[in-house]
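In this note's numbering, the protein residues as written are 1 to 285. By construction, the Cβ of each residue, glycine as well, lies at the ideal position given by its N, Cα and C atoms. Computed from a predicted structure; not experimentally measured.
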């Protein structure tokens, strides 16, 4: 019997309310950390991105964070995506889930920032040192901001689900092969790709603006979530072309990292995480 996907408007409204609650929780206790407004930022060029990527690669080689991602992150991501792939009613969310990982990736990379921070200070750091982030005085603020980003991720999934329902839906796909064929060979499928791509770009731009330097800043200094986010927004406003280029680099490496079978993420994720720390250090005064 064919099942009908839940009304996407209702689902989206539920997720919006959830995100609002998470946002209120994130700023509720923020007063204990100093709110000094946005910190000063430097102007950088696109050429600086090559430098931070090179520094990220060196940190990756030095810290051997491939072990961390091979043993923990990669299997978990693989299992979750397999669960999505084999549940036909969730097939429309497989690609949005993979592409949307960039929204929560900045928090997931917090341990990598810690490794780069220790290495920069000349302190000993092994892959296990990544868990030292949980002992940071700012861990509560980091987790609260992570909740906000998680809410944004859920909103992206809800939006992607609604776009599917309004184009190829609302009935669930009969099979994975049928779904792929409908996406690539029907007008509705191409409409879903184009609209979904546009909406996804807006979500990615918002996530980049909020988080490009905010998580490393919270780890490095005792500032409020408001200060961290404002500083991140200022960094993007002062460096629009380099930051958009950085977003393109992140998206490209994440896509390439999914080939084959997500194995490339074992390298792409750690390098991007370490490079993000060095981008923060280069941009924020």
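Residue i versus residue j: straight-line alpha-carbon distance, rounded
{"i": "residue 207", "j": "residue 225", "result": "15 Å"}
{"i": "residue 42", "j": "residue 176", "result": "48 Å"}
{"i": "residue 282", "j": "residue 55", "result": "11 Å"}
{"i": "residue 252", "j": "residue 45", "result": "19 Å"}
{"i": "residue 93", "j": "residue 233", "result": "29 Å"}
{"i": "residue 117", "j": "residue 219", "result": "9 Å"}
{"i": "residue 99", "j": "residue 221", "result": "30 Å"}
{"i": "residue 114", "j": "residue 174", "result": "45 Å"}
{"i": "residue 193", "j": "residue 122", "result": "47 Å"}
{"i": "residue 245", "j": "residue 188", "result": "31 Å"}
{"i": "residue 284", "j": "residue 231", "result": "8 Å"}
{"i": "residue 53", "j": "residue 101", "result": "20 Å"}
{"i": "residue 51", "j": "residue 128", "result": "26 Å"}
{"i": "residue 235", "j": "residue 37", "result": "13 Å"}
{"i": "residue 141", "j": "residue 182", "result": "44 Å"}
{"i": "residue 166", "j": "residue 136", "result": "45 Å"}
{"i": "residue 249", "j": "residue 255", "result": "10 Å"}
{"i": "residue 72", "j": "residue 168", "result": "35 Å"}
{"i": "residue 229", "j": "residue 198", "result": "24 Å"}
Buried versus exposed, by CB contacts within 10 Å (16 or more), residue i
{"i": "residue 190", "result": "exposed"}
{"i": "residue 164", "result": "buried"}
{"i": "residue 79", "result": "exposed"}
{"i": "residue 257", "result": "buried"}
{"i": "residue 178", "result": "exposed"}
{"i": "residue 180", "result": "exposed"}
{"i": "residue 130", "result": "buried"}
{"i": "residue 201", "result": "exposed"}
{"i": "residue 240", "result": "exposed"}
{"i": "residue 259", "result": "exposed"}
{"i": "residue 29", "result": "No answer about residue 29 holds up, because its pLDDT of 48 lies below 50 and its placement is not dependable."}
Assumed close pair residue i, residue j - CB separation to whole angstroms, cut-off 8 Å
{"i": "residue 186", "j": "residue 39", "result": "Contact doesn't hold; Cβ gap of about 50 Å is too wide."}
{"i": "residue 150", "j": "residue 112", "result": "The pair is not a contact, with the Cβ atoms about 18 Å apart (cut-off 8 Å)."}
Contact set for residue i: own chain, Cβ-Cβ below 7 Å, skip 5 residues either direction
{"i": "residue 96", "result": "156, 157 and 160"}
{"i": "residue 25", "result": "The predicted position of residue 25 is uncertain, since its pLDDT is 49 and thus under 50; no value can be drawn from it."}
{"i": "residue 280", "result": "213, 216 and 217"}
{"i": "residue 196", "result": "160 and 163"}
{"i": "residue 238", "result": "41 and 43"}
{"i": "residue 211", "result": "106, 149 and 232"}
{"i": "residue 138", "result": "218, 219 and 222"}
{"i": "residue 48", "result": "242 and 282"}
{"i": "residue 184", "result": "none"}
Own chain, CB closer than 8 Å to residue i, minus 5 neighbours either side, in chain order
{"i": "residue 69", "result": "265, 266, 269 and 270"}
{"i": "residue 119", "result": "59, 62, 63 and 125"}
{"i": "residue 203", "result": "100, 103, 152, 155, 156 and 159"}
Residues near residue i in its chain [Cβ-Cβ closer than 6 Å; skip 5 each side]
{"i": "residue 247", "result": "208"}
{"i": "residue 133", "result": "110, 111 and 114"}
{"i": "residue 153", "result": "100, 103 and 104"}
{"i": "residue 277", "result": "113, 116 and 216"}
{"i": "residue 205", "result": "none"}
Below-9 Å beta-carbon distance, residue i vs any chain B residue
{"i": "residue 238", "result": "Looking for chain B here will not work: only one protein chain is present."}
Next on the checklist: Taking contact to mean 3 or more Cβ pairs, one atom from each stretch, closer than 8 Å, check whether the segment 259–274 and the segment 55–67 are in contact.
Outcome noted: Enough Cβ pairs lie closer than 8 Å, so yes.
Next on the checklist: Counting beta carbon pairs with one atom in the segment 99–114 and one in the segment 208–218, are three or more of them shorter than 8 Å?
Outcome noted: Here the segment 208–218 makes contact with the segment 99–114; the two share three or more CB pairs at distances below 8 Å.
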